[in-house]
Amino acid sequence: GPATLTPTTAQINAYMTYLQNFLTQRQASGLPVGSVAWFNGPHQGSNRNEIVGTDPNPEAATDIAAYQLLYKAVNRVS
154 GPATLTPTTA QINAYMTYLQ NFLTQRQASG LPVGSVAWFN GPHQGSNRNE
204 IVGTDPNPEA ATDIAAYQLL YKAVNRVS
């Protein structure tokens, strides 16, 4: 069968932690931090890439929580 494109919870958390650390270190060094977007891969006729909508993927809550932490870290809000 086809390979799955859905990341695991551990992969999502590891990736978002990497992004958060990388971007906050850039800020601490006085370097600019631009906009951040998440590309979840091709849709391929399923809803597994949705984080909102009528049929979100099983990791939607993990994705959203990670986005919120990243936003707060980069924007220095609590």
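The opening position of the sequence shown corresponds to residue 154 in this note's numbering, with each subsequent residue numbered one higher. Cβ coordinates follow ideal geometry from the N, Cα and C atoms, glycine included. The structure displayed is predicted, hence computed values, not measured ones.
Next item on the list: Provide the residue span of the alpha helix (DSSP H) that contains L176, from first to last.
Entry: Element bounds for L176: 162-181.
Check: Residue range of the alpha helix (DSSP H) that N228 falls in?
Finding: DSSP places N228 in the uninterrupted alpha helix (DSSP H) bounded by 213-228.
Checklist line | Reference V189; option with closest CA among S182, Y168, T207 | finding: Y168
Checklist line | Close Cβ partners of L222 (< 8 Å) along its chain, the five nearest in sequence each way excluded | finding: M169, Q173
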